[in-house]
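Student: Can you keep this structure in mind? I'll have questions shortly.
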Amino acid sequence: MNQVTGHTPKTIIDQYVILQLKMHLKRTTQSIKEMAWEFHFADVSFFCRYFKKHTGLTPQQIRA
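Numbering (the UniProt record's numbering), first residue to last: 1 to 64.
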């Protein structure tokens with residue numbers, strides 16, 4: 001996959017997850033805690049760190 005797309009499978013999955021999270025944040029009023037649980041993150045803290053690592057913004061900043 002790396003030779004075809006230039007990205008690792010993990011990178012492609014991360015990009016997809018972030019896209020889904022961004023859409024969910026913009027389209028729902030679900031709490032960050034509920035989203036973390038729904039998307040199978042271990043806890044809210046990890047969810048927020050993961051999101052910021054991949055977007056440069058917090059989930060709250062995307063929602064605002």
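Note that beta-carbon positions come from the ideal geometry of N, C-alpha and C, so glycine has one too.
Excluding the five sequence neighbours on either side, which residues of its own chain have a C-beta within less than 8 Å of the C-beta of L25, listed in chain order?
Tutor: The residue you call residue 25 lines up with position 25 of the sequence shown. Closer than 8 Å at Cβ, skipping near neighbours: M35, P59, I62 and R63.
Student: Using only CA atoms, which one of R27, T5 and K33 lies nearest to S45?
Tutor: As a working note, residue 45 is residue 45 in the sequence shown. The option with the nearest alpha carbon to S45 is K33.
Student: Helix or strand or just coil, what does DSSP make of A64?
Tutor: Locating residue 64 in the sequence shown gives position 64, counting from the first residue. The answer is coil: DSSP assigns A64 none of H, G, I, E or B.
Student: Alpha carbon to alpha carbon, what distance is there between T5 and H40?
Tutor: In the sequence shown, residue 40 corresponds to position 40, counting from 1. In the sequence shown, residue 5 corresponds to position 5, counting from 1. Taking the straight line from one Cα to the other gives about 27 Å.
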